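Last residue of the sequence shown: number 341 in the UniProt record's numbering, and the count goes up by one each step with no gaps. Ideal Cβ positions, reconstructed from N, Cα and C, are used throughout, including at glycine. Everything numeric in this text was worked out from a predicted model, so none of it was measured. Written out below as structure tokens is the structure these notes cover.
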Amino acid sequence: MHGARHRQDLLPRCLKLLDRQKTLVSRPDVSALDRGVLLHFQSLIAAVAASQKTVMAFQEAVMAFQEAVVAMNPVGIALTLVGALVGLLGSTLSKSEDPEAECEKKEHEQGGLIKHCHHTVDEENDCPVTPVLDAIRNRRSVFPKQYIDREIPSAVVQSMLDAAAWAPYHGPRPPWRFVVLGKQAMVEMQQLTLKFYDKNWAQTGWANGKKGTAEEYLRWREMTEQEITGRWGPCSYMIANVMRRQAGSKRLPEWEEAAATACAVHNMHIQACSFPGVACYWSSWHDAARDSAEMASFLGLEDKEDKVLGFLVIAAYAPDLLTDKDRRVRGRSHTMAEWRV
């Protein structure tokens, strides 16, 4: 029954996501041609959902629709996405066997031993590569020099926040709170950062603790102020990651709440990287300003023990023009763990 239960859980969530994405079709910057193509695309997705022949087909259709909304490229939508889904409908829904049903059959034949029949295998680490593992491996940080001036839809950010909500935590409520800063709010936060250092640079230093002469500070300040419209100008959002201390007579250890908040931020980063062309990275920000009473007031922190754990920066980039090398190095997973049996 595992596959059937999975289908029942997944389809309503996908339909809810589809309804949320439909609102983007009414955006004023979408042409009549694009709108017609998108509506046709939605009807094809609905056909996949109604058939319920395979959950995987519906997942792929929804992912393709997300890519279309992010890209907002009329040629890409008309020639690539609709054509791809028509092919998907023709090839997948014509099959008489449900892949999940086939998995269930194999599980039953193996006496309950689960066989990941549609997963690839990582031969180096000798483990099945599931869609979740693929998503985790595809997470990467893309930095400001790669950003382009294109707005990221708010629906992308909302899906990231939904991913955050499923992170593990200990206690009656999640210990995180996120403050989503749009264009104007990002400028206000950066101006607050500069004003803080104008008052405190001699005591705290700047650029994460660097100290020096007034002349050196003014050079750093000028460069940092130029970044508001330069380096950070193409950003669509910055999300402040707040660790919110639990109220009550028994406080949990701070490390548990910081770890839970980090898990939620990681979920958001993974979700962001599932959208082609969406850049994301976790900035620690300027530490003295980040930890200041002024920043706490700006972000609405409620408890003196609440902490800002940096900002998640969100912007657009062109994957085919990405010049940064993927610097992530991951060894064999066997070398990072000790097994005791």
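Own chain partners of residue i with C-beta closer than 6 Å, once the 5 adjacent residues on each side are dropped
{"i": "Val329", "result": "none"}
{"i": "Cys127", "result": "none"}
{"i": "His266", "result": "none"}
{"i": "Ser292", "result": "Phe196"}
{"i": "Ala258", "result": "Met243"}
{"i": "Lys307", "result": "Met243"}
{"i": "Ser141", "result": "Tyr281"}
{"i": "His286", "result": "Thr193"}
{"i": "Met186", "result": "Met238"}
Collapsed DSSP secondary structure at residue i in the structure displayed
{"i": "Ile136", "result": "helix"}
{"i": "Pro319", "result": "helix"}
{"i": "Arg290", "result": "helix"}
{"i": "Trp285", "result": "coil"}
{"i": "Phe298", "result": "helix"}
{"i": "Lys250", "result": "coil"}
{"i": "Lys210", "result": "strand"}
{"i": "Lys304", "result": "coil"}
Buried/exposed call for residue i, threshold 16 Cβ in 10 Å
{"i": "Leu322", "result": "exposed"}
{"i": "Met295", "result": "buried"}
{"i": "Thr130", "result": "exposed"}
{"i": "Lys145", "result": "exposed"}
{"i": "Gln191", "result": "exposed"}
{"i": "Gly209", "result": "exposed"}
{"i": "Trp255", "result": "exposed"}
{"i": "Arg219", "result": "exposed"}
{"i": "Glu188", "result": "exposed"}
{"i": "Val341", "result": "exposed"}
{"i": "Ser297", "result": "exposed"}
{"i": "His170", "result": "exposed"}
{"i": "Pro174", "result": "buried"}
{"i": "Arg290", "result": "buried"}
{"i": "Gln203", "result": "exposed"}
{"i": "Ser159", "result": "buried"}
{"i": "Trp201", "result": "buried"}
{"i": "Trp176", "result": "buried"}
{"i": "Trp206", "result": "buried"}
{"i": "Gln271", "result": "buried"}
{"i": "Met223", "result": "exposed"}
{"i": "Ala337", "result": "exposed"}
{"i": "Ala164", "result": "buried"}
Residue i - containing beta strand (DSSP E), residue span
{"i": "Cys127", "result": "Cys127 to Val129"}
{"i": "Pro164", "result": "Residue 164 is actually Ala in this sequence, not Pro. Where Ala164 is concerned, there is no enclosing beta strand (DSSP E), although the alpha helix (DSSP H) it sits in stretches over Ser154 to Ala164."}
{"i": "Phe196", "result": "Where Phe196 is concerned, there is no enclosing beta strand (DSSP E), although the alpha helix (DSSP H) it sits in stretches over Lys183 to Thr204."}
{"i": "Asn241", "result": "Tyr237 to Met243"}
Cβ shell of residue i (< 7 Å), same chain only, five flanking positions each side left out
{"i": "Gly182", "result": "Tyr237"}
{"i": "Ala240", "result": "Phe178, Val179, Leu181, Leu299, Val308 and Phe311"}
{"i": "Thr261", "result": "Pro175, Trp176, Asn241, Met243 and Leu309"}
{"i": "Cys263", "result": "Ala167 and Pro168"}
{"i": "Val157", "result": "Val180, Tyr237 and Ile314"}
{"i": "Phe143", "result": "Tyr281 and Asp324"}
{"i": "Arg139", "result": "His269, Ile270 and Cys273"}
{"i": "residue 370", "result": "Nothing about residue 370 can be reported from this structure: the residues present for the chain run from 1 to 341 only."}
{"i": "Ser284", "result": "Gly310"}
Boundaries of the alpha helix (DSSP H) in which residue i is found, first to last residue
{"i": "Asn267", "result": "Glu254 to Ala272"}
{"i": "Gln226", "result": "Ala214 to Thr229"}
8 Å CB neighbourhood of residue i in its chain, flanking five on each side removed
{"i": "Glu109", "result": "Confidence in Glu109 is poor, its pLDDT being 45 and thus under 50, which makes the residue's placement too unreliable to answer from."}
{"i": "Tyr147", "result": "Pro234, Cys235, Ala279, Ala315, Ala316 and Tyr317"}
{"i": "Pro198", "result": "Checking the sequence shown, residue 198 turns out to be Asp, not Pro. Excluding positions up to five away in sequence, the list reads Arg221."}
Beta carbon proximity, residue i to chain B, threshold 8 Å
{"i": "Leu133", "result": "You won't find chain B in this structure, because it holds only one protein chain."}
Take every Cβ of the stretch 207-219, pair it with every Cβ of the stretch 124-141, and state whether three or more of those distances are shorter than 8 Å. no
Pairs of beta-carbons, one from the stretch 264-276 and one from the stretch 219-238, closer than 8 Å: are there three or more? no
Quick check: the stretch 151-161 against the stretch 236-256, are there 3 or more CB pairs under 8 Å? yes
Is the stretch 306-318 close to the stretch 278-286, with three or more CB pairs under 8 Å? yes
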